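Everything on this sheet refers to the single structure shown next.
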Amino acid sequence: MAQSMMLYWCSGSPPCWRVMIALEEKMLQGYKHKHLSFEKNEHKCEEVKALNPRAQVPTFKHGDIVVNESFAACLYLESAFKSQGTRLIPDDLAEQALVYQRMLETNNLQQKMYDVAFYDYYVPEGERHESALKRNKESLVAELKLWDGYLEKMGKASYLAGKNFTMADVVCFPVIAYFPRLHCPRERCPRLMEYYEMLKDRPSIKASWPLEWLEKPEGQDTLKNL
Amino acid sequence: MAGRQAVKAYLDLLSQPCRALLIFLKHNRIPHTVELVALRKGQHKTPEFSKLNPMQKVPVLDDNGFVLTESDAILKYLATTYNVPDHWYPKLPEKRARVDEYTAWHHVNTRMHASTVFLQEVIFPRMGQPTNPVKFKKALTDLDGTLDMLENMFLKRQAFLCGHDISLADLLAVCELMQPMCSGRDVLKDRPKLQSWRSRVQSALSDSFDEAHSVVYQIRQKFTAKL
Chain A
0 MAQSMMLYWC SGSPPCWRVM IALEEKMLQG YKHKHLSFEK NEHKCEEVKA LNPRAQVPTF
60 KHGDIVVNES FAACLYLESA FKSQGTRLIP DDLAEQALVY QRMLETNNLQ QKMYDVAFYD
120 YYVPEGERHE SALKRNKESL VAELKLWDGY LEKMGKASYL AGKNFTMADV VCFPVIAYFP
180 RLHCPRERCP RLMEYYEMLK DRPSIKASWP LEWLEKPEGQ DTLKNL
Chain B
0 MAGRQAVKAY LDLLSQPCRA LLIFLKHNRI PHTVELVALR KGQHKTPEFS KLNPMQKVPV
60 LDDNGFVLTE SDAILKYLAT TYNVPDHWYP KLPEKRARVD EYTAWHHVNT RMHASTVFLQ
120 EVIFPRMGQP TNPVKFKKAL TDLDGTLDML ENMFLKRQAF LCGHDISLAD LLAVCELMQP
180 MCSGRDVLKD RPKLQSWRSR VQSALSDSFD EAHSVVYQIR QKFTAKL
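So the protein sequences, as listed, match chains A and B.
According to numbering that gives the first Met the number 0, the stretch in the first sequence is residues 0 to 225, in order.
According to numbering that gives the first Met the number 0, the stretch in the second sequence is residues 0 to 226, in order.
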């Protein structure tokens, strides 16, 4: 089954990482993959463009079925392999509702994190403003408080959508992992940091952990002054 | 082979190849019973066991009267005769040859050197024979050389030792490399690529890995508590 899958990915990219976590959780090791270098713009190659007009990663194919967009790929894998590996979307409607909510809320956390940590990457030099970066930082601080509040309310050792590991965790952990790496002060999100400690040794997460992060455990301190 | 009775596996989980066998049996849901043979109590040297295996070694497989020794042979036999996913021991000759290539190399490389480190650091002192510093240093150097080859000759840029997917090679190798953990020693400590590989193997084996290695974790706890 996994043999007919192909994943184009870049190391450290949260969208790529979440698909890899999903593949591990669904016991789909053995998928074919091509590791591309972000720095060398390899994700813009013809091979990727042929499958994804946006020339983005992850670009994913299962046999003849192309499933780009990390959330789409994750949901597809859960649907196609529902009875295999970990159940990532629960049957109970109330639980499901929370899983879907937290999954899609991840976009907010991801974007706001990028807006601070990768401000210089995304915004051309002539368009950068101190005031904009300041505004982005304030927005991220508020966003972190919101997530911390969610975890606080659910109690110790809970996952993002309840007492079980679900698709919400698959999708959000790769974003959350950036905060300790980029030296975000612990007081900004103590619950998230606990959550990170709890999840970082999960087999599917360890198996897909970016290699450069193992080689160099500390990243730049772009979130140090948050 | 429908209607077959469960196989009998004679094991001691302190033994690396025994763990590989148990993990394989459990992970692939092959009906089996386990007969524990406590090496530390010399149960492999009893007349009864010697009748079963004159080599006095574990693991041994008894498949309804067909008795087989040597973990390599046992794993390959099970992979061939039971309905397990192809990736364990691929049918395609070239892919199968890669697994055989590793397992042939495994015994006097990965197994020998990782085992020596463990024996010198954990077992001999337990038996009243202190660690021999010269032999120990040599074992560590030999293991280092083996790990270089594991990384550069086998793993390279692949997800697993023999290709995209996990095989008997990874199972045998990982159990050997876990053995020095008994003293808290992580032989892959400074090797991120092999650490990644080990994490992938653990993820693919899920619960059966930790279950089989529980004795290693217990020994590690006792060993490190003494320090």
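Beta carbons are placed, not taken as given, at the ideal position from N, Cα and C, and that holds for glycine.
Given the structure is predicted, the values throughout are model-derived calculations rather than measurements.
Open item on the list: Measuring only the C-alpha atoms, how far is L132 (chain A) from E186 (chain A)?
Closed with: As a first step, residue 132 (chain A) is located in the first sequence; it is residue number 133 there, counting from the start. As a first step, residue 186 (chain A) is located in the first sequence; it is residue number 187 there, counting from the start. One C-alpha to the other measures close to 20 Å.
Open item on the list: Taking 7 Å as the threshold (C-beta atoms), are L142 (chain B) and H112 (chain B) in contact?
Closed with: The residue given as residue 112 (chain B) occupies position 113 in the second sequence. The residue given as residue 142 (chain B) occupies position 143 in the second sequence. One thing to note: H112 (chain B) has its Cβ within 7 Å of the Cβ of L142 (chain B).
Task: Supposed contact pair P57 (chain A) and P14 (chain A) - C-beta distance, whole angstroms, cut 8 Å - done: The residue given as residue 14 (chain A) occupies position 15 in the first sequence. The residue given as residue 57 (chain A) occupies position 58 in the first sequence. Rounded, the Cβ-Cβ distance is 6 Å, consistent with contact.
Task: First through last residue of the beta strand (DSSP E) which encompasses A8 (chain B) - done: Walking along the second sequence from the start, residue 8 (chain B) turns up at place 9. Residues V6 to L10.
Task: Beta-carbon spacing of A167 (chain A), R101 (chain A) below 7 Å - done: To locate residue 167 (chain A), count along the first sequence from 1; it is residue 168. To locate residue 101 (chain A), count along the first sequence from 1; it is residue 102. The answer is yes: Cβ separation under 7 Å.
TODO: Might you give, ordered along the chain, the residues of its own chain that have their beta carbon closer than 6 Å to the beta carbon of C45 (chain B), omitting 5 neighbours on each side?
DONE: For this step, residue 45 (chain B) is matched to residue 46 along the second sequence. In the sequence under discussion, the amino acid at residue 45 (chain B) is Thr, which differs from the Cys named in the question. Cβ within range, chain order: n/a, list empty.
Task: Cutoff 7 Å: A113 (chain B) Cβ touching any chain A Cβ - done: Along the second sequence, read from residue 1 onward, the residue named residue 113 (chain B) stands at position 114. By this cut-off, A113 (chain B) is not an interface position.
TODO: Use the C-beta contact count for T79 (chain B): other C-beta atoms within 10 angstroms, 16 or more gives buried, fewer gives exposed.
DONE: Along the second sequence, one-based indexing puts residue 79 (chain B) at 80. Its Cβ having fewer than 16 others within 10 Å, T79 (chain B) is exposed.
TODO: Using a Cβ cut-off of 7 Å (strictly closer), state whether R237 (chain B) contacts chain A.
DONE: Within the shown structure, residues of chain B are numbered from 0 to 226, placing residue 237 (chain B) beyond reach of any answer.
TODO: Reducing DSSP to helix, strand and coil, say where D168 (chain A) ends up.
DONE: The count along the first sequence starts at 1 and reaches residue 168 (chain A) at position 169. DSSP places D168 (chain A) in helix when its eight states are reduced to three.
TODO: Report back the beta-carbon spacing between L150 (chain A) and R190 (chain A) to the nearest angstrom; my notes put them in contact at under 8 Å.
DONE: Within the first sequence, residue 150 (chain A) is the residue found at index 151, counting from 1. Within the first sequence, residue 190 (chain A) is the residue found at index 191, counting from 1. Right, the Cβ-Cβ distance comes to about 4 Å (below 8 Å), so this counts as a contact.
- [ ] Spatial neighbours of Q201 (chain B) within its chain, please: CB distance less than 6 Å, with the 5 preceding and 5 following residues excluded, ordered by chain position.
- [x] By one-based count along the second sequence, residue 201 (chain B) stands at place 202. These residues qualify, in order along the chain: F208.
- [ ] Below 6 Å CB to CB, which residues in the same chain sit around R97 (chain B) once its five sequence neighbours on both sides are set aside?
- [x] Position 98 of the second sequence holds residue 97 (chain B). Contacts found: C161.
Task: Spatially closest choice to L193 (chain B) from A:I64, A:A206 and A:F172, by CA coordinates - done: Along the second sequence, read from residue 1 onward, the residue named residue 193 (chain B) stands at position 194. Nearest to L193 (chain B) by alpha-carbon distance, out of A:I64, A:A206 and A:F172, is A:A206.
- [ ] Compute the distance between the beta-carbons of N107 (chain A) and E142 (chain A), then report whether it is under 7 Å.
- [x] Taking the first residue of the first sequence as position 1, residue 107 (chain A) is located at position 108. Taking the first residue of the first sequence as position 1, residue 142 (chain A) is located at position 143. Cβ atoms of N107 (chain A) and E142 (chain A): closer than 7 Å.
Open item on the list: From the DSSP secondary-structure annotation, give me the bridge partner or partners of L35 (chain B).
Closed with: Here residue 35 (chain B) corresponds to residue number 36 of the second sequence, with the count starting at 1. According to DSSP, which records beta bridges pairwise, L35 (chain B) is partnered with B:L10.
Open item on the list: Strictly below 8 Å CB to CB, what residues from chain B border K81 (chain A)?
Closed with: Taking the first sequence and counting its residues from 1, the one referred to as residue 81 (chain A) is at position 82. Correct list: empty, because the minimum Cβ distance to chain B is about 17 Å.
Task: Three CB pairs or more closer than 8 Å across the region 154–165 of chain A and the region 118–125 of chain A - done: no
Open item on the list: Between A206 (chain A) and chain B, is the shortest Cβ-Cβ distance under 7 Å, so that the two count as touching?
Closed with: On the first sequence, residue 206 (chain A) is found 207 positions in, with the first residue counted as 1. Yes, A206 (chain A) counts as interfacial toward chain B.
Task: Simplified DSSP assignment, three categories, for P223 (chain A) - done: Your numbering for residue 223 (chain A) matches position 224 in the first sequence. Going by the sequence as given, residue 223 (chain A) is Lys instead of Pro. Note: K223 (chain A) maps to coil in three-state DSSP.
Open item on the list: Can you give me the C-alpha to C-alpha distance between Y30 (chain A) and S166 (chain B), rounded to a whole angstrom?
Closed with: Here residue 30 (chain A) refers to the residue found at position 31 when the first sequence is read from its first residue. Here residue 166 (chain B) refers to the residue found at position 167 when the second sequence is read from its first residue. Taking the straight line from one Cα to the other gives about 14 Å.
Task: Contacting residues, own chain, Cβ-Cβ under 7 Å from L139 (chain B) (five flanking each side not counted) - done: As a first step, residue 139 (chain B) is located in the second sequence; it is residue number 140 there, counting from the start. Only V116 meet the Cβ criterion.
Open item on the list: So, for D164 (chain B): in the same chain, excluding its five sequence neighbours on each side, which residues have a beta-carbon less than 6 Å away from its beta-carbon?
Closed with: Indexing the second sequence from 1 puts residue 164 (chain B) at position 165. The residues are H86.
- [ ] Compare the Cα-Cα distances from A270 (chain A) to each of A:A160, A:L225 and A:E217 and report the closest residue.
- [x] The requested residue 270 (chain A) does not occur in the structure, where chain A is confined to residues 0 to 225.
Task: When A:T221, A:N163, A:P209 and A:E217 are compared against M197 (chain A), the one with the closest alpha-carbon - done: Numbered from 1 along the first sequence, position 198 holds the residue referred to as residue 197 (chain A). Nearest C-alpha to M197 (chain A): A:N163.
Open item on the list: Could you check whether V83 (chain B) and V57 (chain B) sit closer than 7 Å to each other, using their CB atoms as the reference points?
Closed with: By one-based count along the second sequence, residue 57 (chain B) stands at place 58. By one-based count along the second sequence, residue 83 (chain B) stands at place 84. Going by C-beta atoms, V57 (chain B) is not nearer than 7 Å to V83 (chain B).
- [ ] Excluding the 5 residues preceding and the 5 following F23 (chain B) in the sequence, name in chain order all residues of the same chain whose CB lies nearer than 7 Å to its CB.
- [x] To locate residue 23 (chain B), count along the second sequence from 1; it is residue 24. If we look at F23 (chain B) and ignore the five residues flanking it on each side, its Cβ neighbours are L74, L77 and L170.
Task: Closer than 7 Å to chain B by CB, E41 (chain A) - done: By 1-based counting over the first sequence, the position of residue 41 (chain A) is 42. It does not: the Cβ of E41 (chain A) has no partner Cβ on chain B nearer than 7 Å.
Task: Host alpha helix (DSSP H) of K25 (chain B) (start-end) - done: Position 26 of the second sequence holds residue 25 (chain B). From DSSP, the alpha helix (DSSP H) with K25 (chain B) extends over Q15 to H26.
- [ ] Report buried or exposed for A116 (chain A), applying the criterion of at least 16 other Cβ atoms within 10 angstroms of its Cβ.
- [x] Position 117 of the first sequence, counting from 1, holds the residue named residue 116 (chain A). Buried, because 16 or more other Cβ atoms sit within 10 Å of the Cβ of A116 (chain A).
- [ ] Could you work out which residues of chain A lie near I165 (chain B), taking near to mean beta carbons separated by less than 9 Å?
- [x] Residue 165 (chain B) sits at position 166 when you count from the first residue of the second sequence. By Cβ distance, chain A contributes Q28 and G29.
Open item on the list: Would C181 (chain B) and R18 (chain B) be called neighbours here (beta carbons separated by less than 7 Å)?
Closed with: The residue you call residue 181 (chain B) lines up with position 182 of the second sequence. The residue you call residue 18 (chain B) lines up with position 19 of the second sequence. No; because the gap between Cβ atoms is not below 7 Å, this pair is not in contact.
Task: Test item: CB-CB of L204 (chain B) and H43 (chain B) under 7 Å - done: On the second sequence, position 205 is the one that residue 204 (chain B) refers to. On the second sequence, position 44 is the one that residue 43 (chain B) refers to. In this structure, H43 (chain B) does not lie closer than 7 Å to L204 (chain B) by Cβ.
Open item on the list: Cβ closer than 8 Å: which chain A residues qualify as neighbours of S195 (chain B)?
Closed with: For this step, residue 195 (chain B) is matched to residue 196 along the second sequence. Those are A206, W208, L210 and L213, listed as they occur along chain A.
- [ ] Give the interface partners of S203 (chain A) over in chain B, defined as CB-CB distance under 8 Å, in chain order.
- [x] As a first step, residue 203 (chain A) must be located in the first sequence, where it is residue number 204. Result: S202.
Open item on the list: Quick check on the burial criterion: 16 or more other C-beta atoms within 10 angstroms. Buried or exposed for Q178 (chain B)?
Closed with: Position 179 of the second sequence, counted from the first residue, corresponds to residue 178 (chain B). Label assigned to Q178 (chain B): buried.
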